[in-house]
Every structure is written in structure tokens, then in C-alpha cells.
Amino acid sequence: MKTCIVLCFCVVHSLSVYHAHGTKTCCGPSKWQGVVLQTIGTYSRTQDFASLAYATSRVYYDYDNKLVAVKERRLNETAGITTDTWKIMQYSEATSYIIENGRCQRLQLAEKMPSQCIPDQAVSLGTHKYPGFDADIWFVKDNDTGRATRYGVTIDSCMFLTESYITKGPEYTYVSSLYENMTQTIDDPSVFIPPSFCPRVSERIRGTLLEWRSLFPITGVHRMDRNN
């Protein structure tokens, strides 16, 4: 085990060269979309059970309108199950929609919308030089939940490149994320509109979304419905 840890550290360290950079935190764009590749490991100390999953998600983030949408395909390697899920979070309404297997759940959102900013209490780990670009690295420890997170962001625009975190036990979760194809636009605003078979959305939020969609006419876009 010690040999593995040393080898892993050497490989990771050899892929990046560290040098000092500014220690001021930054904020990314208020609107973006991209593909997120994740490796997800969980371990329950109380049940002595572990699981491993891989997920590929297209994420849409609009901080100004307090909206997040995620279309995810997840392979649970332990159970041998693949699931396709469409999640819509409407933070201004404290409401989320989970669409899976042609069914839709409307749930109450308790948490606040994730910020596009690196927290002020984050500790700078400097800048790592990768082939073709540099990345600022930050570490954040949440003393309330025990969650520890490491971020890698672009120097010029503070857009996410990497993210990894681990939660405090006895129910442990480790997630490693790689962000790809990031753009500061949202090509298809309809991803924020729940399908017609979902429980009724408030007229205010639906009116806002329909008005927004009319400004960005979309053609040939696949829509999730009961037959998918």
C-alpha cells in the first residue's frame, strides 16, 4: 500500500509543475455549460460496504436566474446498473425536479445554490503548470460538515478544471471531477423547463423560462419524454 501511494504521488506530481501565484480568490462566470466526468466512491463504515460509480454529465449553470440543470448518465460499477437522470434545480423557488425512466418527482430544495466563486476562506496551493495552460489550485475545509474540497481553476477566467472532495465519516464519499468543453453560454435554455408530465411548476417561473426560450429558438434538440 505504501508503494502504491508513493507511485501515485510521483505520477500526479510529474504531470504538473508547481510555482507560486497570487492568493486572492476568484469568481467564475455567472453562466456556463460543460461536460463533467466523475469518479464516485462511497464507503459506509457502519455497514462495512463500499461502492464505485462513474458518471458523465452535461451541466448547465445560470447564477443570475438561480437555475441549474444536469443530464447525467451514471454507471454503478458495483451493482452493474446504468441510469440516465435529468435534474432541474430552481433555487429561486426552492424546488427541484428529478426525471428518470419517464417519471418525474418534484422535491423541495433545502440548500442554497452553489456559488461560482472560490470561498474566501480557501487556502491557495499555488499554481500548477500543465502542458498548454496553468491552473490555480485551492483547498477548502468545511468545519461544519467536515467536507474537504480541492479546486483547480483557470487563471484568466476562474473556470473549473478539476474538483475533488471527501466527506467526513462514518458515511464516506469521495468524488473526483474533470470539467471539459466549458463555454460561457447556454445553448438550450429549455433544459431548465420541466417536462409537461412533471408536477405543476409555478406560473411565475414557467413564464420567465418560456419568455427566455423564445429569445433562443432551438431546433432539432432532443427532449426527454415518457418514451425515453
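Heads up: the sequence shown runs through residues -22 to -1, 1 to 206, numbered per mature numbering (1 follows the signal peptide of the UniProt record, and there is no 0).
From the three backbone atoms N, C-alpha and C, an ideal C-beta is built for every residue, glycine too.
Pair within 8 Å by beta-carbon distance, residue i and residue j
i: residue 104; j: residue 115; result: yes
i: residue 85; j: residue 77; result: no
i: residue 164; j: residue 41; result: no
i: residue 161; j: residue 16; result: no
i: residue 159; j: residue 13; result: yes
i: residue 56; j: residue 87; result: no
i: residue 218; j: residue 151; result: Lying outside -22 to 206, the shown extent of the chain, residue 218 is not represented and no answer is given.
i: residue 50; j: residue 60; result: no
i: residue 22; j: residue 148; result: yes
i: residue 170; j: residue 6; result: no
i: residue 111; j: residue 132; result: yes
i: residue 82; j: residue 173; result: yes
i: residue 70; j: residue 107; result: no
i: residue 215; j: residue 3; result: Any answer about residue 215 is impossible in this case: the structure gives the chain only from -22 up to 206.
i: residue 130; j: residue 145; result: no
Cβ distance (whole Å) where residue i is taken to contact residue j below 8 Å
i: residue 154; j: residue 135; result: Not a contact, Cβ separation roughly 22 Å.
Limits of the unbroken beta strand (DSSP E) element including residue i
i: residue 128; result: 126 to 132
i: residue 114; result: 111 to 119
i: residue 83; result: 81 to 86
i: residue 107; result: 101 to 108
i: residue 160; result: 149 to 161
i: residue 75; result: 73 to 78
i: residue 170; result: First-last for residue 170: undefined, no H or E at that position.
i: residue 138; result: 138 to 144
Cβ-based burial, residue i [other Cβ within 10 Å; buried from 16]
i: residue 24; result: exposed
i: residue 100; result: buried
i: residue 74; result: buried
i: residue 113; result: buried
i: residue 177; result: exposed
i: residue 89; result: exposed
i: residue 167; result: buried
i: residue 26; result: exposed
Chain D within 8 Å of residue i, Cβ atoms only
i: residue 103; result: Here chain D cannot be found, since the structure has a single protein chain.
- Item | Start-end ranges of the beta strand (DSSP E) lying completely within the segment 23 to 58, minimum 3 residues | 27 to 40 and 45 to 54
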